[in-house]
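Report on the structure given below.
2 protein chains.
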Amino acid sequence: MKRADNRKLHMVGLRDVRDINQTVFLHLIRERQPISRAEIAKATGLRAGTVSAIVNRLIREKLVYEGVAGPSSGGRPPKYLYVNAESAYVIAIDIGVRDSVYAVSDFNGRLLTQRAMLTKGEPEAFLRSLAGEIKDLIGAQYARTRFKAVGVSIPGLIDRDEGTLVISPNLGWKDIPVRAILEEELGYPVYVENDANAAAFAELWYGPLEEVGVRTLLFVLVVEGLGTGLIINGELHVGSRVGLGGFGHMSLDPNGPLCSCGRRGCWETLASNRATLTRYRAVTGTSIGSVTDLISLAQQGDQAALETLRATAAYLGEGIANLAHGLSPETIVIGGEIAGAWQIIGPLIREKVQSRYILPSRINLNIRPASVQRPSLFGAIPIALQHCFHPAQRFDALKRAVTPRIKLPAKVAGR
Amino acid sequence: MKRADNRKLHMVGLRDVRDINQTVFLHLIRERQPISRAEIAKATGLRAGTVSAIVNRLIREKLVYEGVAGPSSGGRPPKYLYVNAESAYVIAIDIGVRDSVYAVSDFNGRLLTQRAMLTKGEPEAFLRSLAGEIKDLIGAQYARTRFKAVGVSIPGLIDRDEGTLVISPNLGWKDIPVRAILEEELGYPVYVENDANAAAFAELWYGPLEEVGVRTLLFVLVVEGLGTGLIINGELHVGSRVGLGGFGHMSLDPNGPLCSCGRRGCWETLASNRATLTRYRAVTGTSIGSVTDLISLAQQGDQAALETLRATAAYLGEGIANLAHGLSPETIVIGGEIAGAWQIIGPLIREKVQSRYILPSRINLNIRPASVQRPSLFGAIPIALQHCFHPAQRFDALKRAVTPRIKLPAKVAGR
DNA sequence: GAGCTTTATCTGCAAGGATGATAAAGTTCG
DNA sequence: CGAACTTTATCATCCTTGCAGATAAAGCTC
Chain A
1 MKRADNRKLH
11 MVGLRDVRDI
21 NQTVFLHLIR
31 ERQPISRAEI
41 AKATGLRAGT
51 VSAIVNRLIR
61 EKLVYEGVAG
71 PSSGGRPPKY
81 LYVNAESAYV
91 IAIDIGVRDS
101 VYAVSDFNGR
111 LLTQRAMLTK
121 GEPEAFLRSL
131 AGEIKDLIGA
141 QYARTRFKAV
151 GVSIPGLIDR
161 DEGTLVISPN
171 LGWKDIPVRA
181 ILEEELGYPV
191 YVENDANAAA
201 FAELWYGPLE
211 EVGVRTLLFV
221 LVVEGLGTGL
231 IINGELHVGS
241 RVGLGGFGHM
251 SLDPNGPLCS
261 CGRRGCWETL
271 ASNRATLTRY
281 RAVTGTSIGS
291 VTDLISLAQQ
301 GDQAALETLR
311 ATAAYLGEGI
321 ANLAHGLSPE
331 TIVIGGEIAG
341 AWQIIGPLIR
351 EKVQSRYILP
361 SRINLNIRPA
371 SVQRPSLFGA
381 IPIALQHCFH
391 PAQRFDALKR
401 AVTPRIKLPA
411 KVAGR
Chain B
1 MKRADNRKLH
11 MVGLRDVRDI
21 NQTVFLHLIR
31 ERQPISRAEI
41 AKATGLRAGT
51 VSAIVNRLIR
61 EKLVYEGVAG
71 PSSGGRPPKY
81 LYVNAESAYV
91 IAIDIGVRDS
101 VYAVSDFNGR
111 LLTQRAMLTK
121 GEPEAFLRSL
131 AGEIKDLIGA
141 QYARTRFKAV
151 GVSIPGLIDR
161 DEGTLVISPN
171 LGWKDIPVRA
181 ILEEELGYPV
191 YVENDANAAA
201 FAELWYGPLE
211 EVGVRTLLFV
221 LVVEGLGTGL
231 IINGELHVGS
241 RVGLGGFGHM
251 SLDPNGPLCS
261 CGRRGCWETL
271 ASNRATLTRY
281 RAVTGTSIGS
291 VTDLISLAQQ
301 GDQAALETLR
311 ATAAYLGEGI
321 ANLAHGLSPE
331 TIVIGGEIAG
341 AWQIIGPLIR
351 EKVQSRYILP
361 SRINLNIRPA
371 SVQRPSLFGA
381 IPIALQHCFH
391 PAQRFDALKR
401 AVTPRIKLPA
411 KVAGR
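If you read the protein sequences in the order shown, they are chains A and B. Just so you know, we're using full-length UniProt numbering here: the first sequence kicks off at 1 and counts up by one. Just so you know, we're using full-length UniProt numbering here: the second sequence kicks off at 1 and counts up by one.
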């Protein structure tokens, strides 16, 4: 059925050149605004005339506007360019096990409004009430605003093409047509993504400037469960259409605790918030509400709390060591409440990873806590925004077209 | 030091359009030769005139030639096009722990000559004697041939930029400037790659035609050690410059056997050929030379051998289950001698993976043995050939240029 | 204020693919 | 046999892209 002959190849044309360069410009301007045409020319290597042409096209399309003139550096002063933040707005939704957050972001990816509500009730009813709140917010504050898209991040297995949540053990949801529901309610295109993936995306867009060149990043999101998001070559790794569960169910110990997936010793059963709190309760006999509370206790000198966090850090380190060696990312980011205890867990995680690495000296692995407070929410913004730009998809088409294939001769020469 | 301002952006121009389309054509012709201009037009969606222009350019550059006219399908008969196999030759070298193989391949990626020699002696001396044999072969059979590149696949950690083998525990080599040595001896550009990565590449290029659309593939190479190669989006995942060790040192059991890396229960200590043979010896008290021999024994009804293979299959399945869930590749390929026992190990591996997967029904995961006998050798061919085509690199440049970045506001709104 | 630098624009050019007409070489069928 | 139709490949023309070099605008320096 999947015949080679039926595959449509996507070729490249002048329009692609224009679109790609235009998008590069847009991102460049957004990244370094304010910026002058001359600076763009220097950064891109394009001729000044070409730069003007492209910039003026962007201005004509109202994606960019010309601000005041900047200070002269010994010659004609530059005219500063800015991304027109009002040219596109998106809605970001982060559905968590306890609470869900929705937010409005402008074209610059900046959060304008952010509100939370408890996650409760039947999935569909909850989503509709969430949409209702969003519609209220829009009516009250953004009546004249045109939204381009909605980005949703959810803990669980996502069918990206359909925009449905296939299953989420932690939410207790199954087969929820998230996109269908929200598109019906809101009337904007909805893009659904796994929370850890969104979080990884957030680091890519909002992460520290020193990491501008980073192309490969692993995000470890520690919440009720434990998820991982993987950025490879500056792109979210999504694997096959359905199925990217992340490394939460990587088994680290065949004799470990039983996991909801039926196996033993999954990473999630050892290092998630639930595992951490359970472990604390097992040791002390007292229940505690959240990992944030546990961190407070540890910082106040509670030895049991401290040891519990240290144990979690060790398990995190174990799993990260496996992945660090296997994927060799440039950066590993840990997010979730536990990242608030970085002074405690950071060194332990690093130590674990270093002890496993064969060549710690030559490998430049950066391990750090997340740079935003709720990465899965911040990630939902680029999830929505990226769909305002087509070229990413076009790149994919190009790459697909170039994968070669060699027919093997009937007999293979033995050795 | 890594300032954003210093990053040179790579823009797109007319030349890129031409190069990319030309390369797409070349691959298309190679994949489906013989093919007519009209068929190319249908496959690409380009106009007949455009197709002619590009094809004639390729013919002028001697990369393609026009063969005899094909059979008419009711009108003017097509002129068949073929890739000029003689337009480029490459040398492939696969350095193994026991033996090493070198081969000559034409531009179609077809093996023309293949020879083996034992891997022994000091690394540098061995590489020079290997180069000497290759030079002899060239002198005898390919005196008039122009080679474009040399691809080398080695088990171990590679510094791709330098072309050096950083370390190979299994070979017992360390800090060997493979590229420098071979380029000095042979005079052609040398590209060095990890053996499992090369093997993954081999599946991408030589794999079954049904998998033409496959973009994500995991190769598990079981030799003395155990390595993994990962293809993501049709591209080899190489991670940071130095460091991709693969998942061989993923720990599956904190109480497992001690590994050379200092940890316990690494996948390699459980499922590699060495582990398998050690396990057989531990059970039976008798030593055996190779896994191939072990498979023969099992097929002859030796219960101990059969059980040994089954145990290895279970461990392979364990590791693969971890990775399948975390990376969600479309295809997982297992290579090495043990793949010869696919009837025995295949079902067991599948079972292990299925039992771990939360949703086996909806996930379309293809697990199969390697489609070539020595995948690391076959992989060395595309390693060399791919450098004859620039666009892959250019795509990378494009993507890098488009990665956006948002400056965070000073204060992040709490929730 | 002359000369220089920096910034932005303008005008013509080369090269890519798109388009539609045309030629070439068969098949089909009355 | 030959007119009509198909399939395949080419040609001349057009639009768009980025490129190049000249030119204009606006400030600094001495």
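The beta carbon of each residue, even a glycine, is placed where N, CA and C say it ideally should be.
Would the C-beta of residue i count as close to the ligand FAD, meaning under 8 Å from any of its heavy atoms?
| i | result |
| --- | --- |
| A/A198 | As far as ligands go, the structure on display features none, and thus does not contain the ligand FAD. |
Residues of chain B with a CB under 8 Å from the CB of residue i: which are they?
| i | result |
| --- | --- |
| A/T278 | What A/T278 touches in chain B: nothing, since even the nearest Cβ is about 19 Å away. |
| A/S87 | Under the 8 Å cutoff, chain B gives no residues; its nearest Cβ is about 15 Å from A/S87. |
| A/L252 | S251, L252, P254 |
| A/E193 | By Cβ distance, chain B contributes nothing, its closest Cβ being about 14 Å from A/E193, past 8 Å. |
Applying a beta-carbon distance threshold of less than 8 Å, which residues of chain A neighbour residue i?
| i | result |
| --- | --- |
| B/G13 | V17 |
| residue 420 of chain B | The requested residue 420 of chain B does not occur in the structure, where chain B is confined to residues 1 to 415. |
| B/E224 | Neighbours of B/E224 on chain A: none; closest Cβ ~16 Å, over 8 Å. |
Can you find the residues in the same chain that come closer than 6 Å, C-beta to C-beta, to residue i, ignoring five residues on each side of it along the sequence?
| i | result |
| --- | --- |
| A/D94 | V101, S153, S376, L377, A380 |
| A/P189 | A149 |
| A/G49 | none |
| A/V192 | V152, I158, G163, V178, R179 |
| B/P369 | I334, A339, W342 |
| B/I138 | none |
| B/A116 | D99, V101 |
| B/S129 | none |
Just tell me which of the options has its CA closest to the CA of residue i.
| i | options | result |
| --- | --- | --- |
| B/L118 | B/S73, B/G96, B/G109 | B/G96 |
| A/I338 | A/N366, A/V223, A/T164, A/R281 | A/V223 |
| B/R264 | B/T276, B/L277, B/G248 | B/G248 |
| A/I91 | A/Q114, A/L81, A/G75, A/S73 | A/Q114 |
| B/L236 | B/F219, B/G225, B/L226 | B/F219 |
| A/I334 | A/A298, A/E307, A/A41, A/S371 | A/S371 |
| B/Q299 | B/I54, B/Y206, B/I345 | B/I345 |
| A/L348 | A/L365, A/I231, A/A311 | A/A311 |
| A/G187 | A/I134, A/T216, A/I35 | A/I134 |
| B/P123 | B/R47, B/G172, B/G109 | B/G172 |
| A/R57 | A/N255, A/R215, A/L26, A/R350 | A/L26 |
| A/F147 | A/F107, A/G256, A/G74 | A/F107 |
| B/L221 | B/G246, B/G207, B/W205 | B/G246 |
| A/E184 | A/A202, A/L127, A/N233 | A/L127 |
| B/D195 | B/P208, B/N170, B/L182 | B/N170 |
| A/L182 | A/T216, A/G132, A/G156 | A/G132 |
| A/N366 | A/R374, A/G336, A/A324, A/H387 | A/A324 |
| A/I20 | B/N21, B/R18, B/V12 | B/V12 |
Could you list which residues in chain B have their beta carbon closer than 7 Å to that of residue i, in chain order?
| i | result |
| --- | --- |
| A/G340 | Residues of chain B passing the Cβ test: none, with the nearest at roughly 13 Å. |
| A/H237 | I232 |
| A/E268 | Simply none; closest approach about 11 Å. |
Whose Cβ in chain A lies nearer than 9 Å to the Cβ of residue i?
| i | result |
| --- | --- |
| B/T228 | G326 |
| B/E184 | Correct list: empty, because the minimum Cβ distance to chain A is about 24 Å. |
| B/E318 | S251, P254 |
Given residue i, which residues of its chain have a CB within under 8 Å of its CB, disregarding the five upstream and five downstream residues?
| i | result |
| --- | --- |
| B/K411 | In this predicted model, B/K411 has a pLDDT of only 35, less than 50, meaning its place in the structure is not dependable; the value taken from the coordinates is given anyway. Result list for B/K411: empty, nothing under 8 Å. |
| A/L252 | G265, C266, W267, L270, Y315, E318, G319, N322 |
| A/D175 | T164, L165, V166, I167 |
| B/S105 | Y89, V90, I91, A92, L111, L112, I381, A384, L385 |
| B/L28 | I35, I40, A43, T44 |
Within the same chain, show all residues whose beta-carbon is closer than 7 Å to that of residue i, passing over the 5 residues directly before and after it, in chain order.
| i | result |
| --- | --- |
| B/P77 | A69, G70, P71 |
| A/T308 | T276, R279, Y280, V283, L294 |
| A/K62 | N84, S87 |
Just to confirm the assignment: which complete beta strand (DSSP E) runs, minimum length 3, are found wholly within the region 309-346 of chain B? Listed in chain order, the complete beta strand (DSSP E) runs (minimum 3 residues) inside the region 309-346 of chain B are 331-335.
Relative to chain B, which residues along the region 110-144 of chain A have a C-beta separation below 8 Å, given in chain order? R110, L111, Q114, A116
Given a limit of 8 Å on CB to CB distance, which residues of the UniProt domain "HTH marR-type" (22-65) of chain A reach chain B? Of all residues in the UniProt domain "HTH marR-type" (22-65) of chain A, T23, V24, H27, L28, R30, E31, R32, A43, T44, G45, L46 have a Cβ within less than 8 Å of some Cβ in chain B.
What are the start and end residues of each continuous beta strand (DSSP E) run of 3 or more residues lying completely inside the region 198-236 of chain A, in chain order? 217-222, 226-232
Please give the ranges of any alpha helix (DSSP H) in the region 91-157 of chain B, keeping only runs that are unbroken, at least 4 residues long and fully inside the region. Qualifying alpha helix (DSSP H) stretches, in chain order: 123-141.
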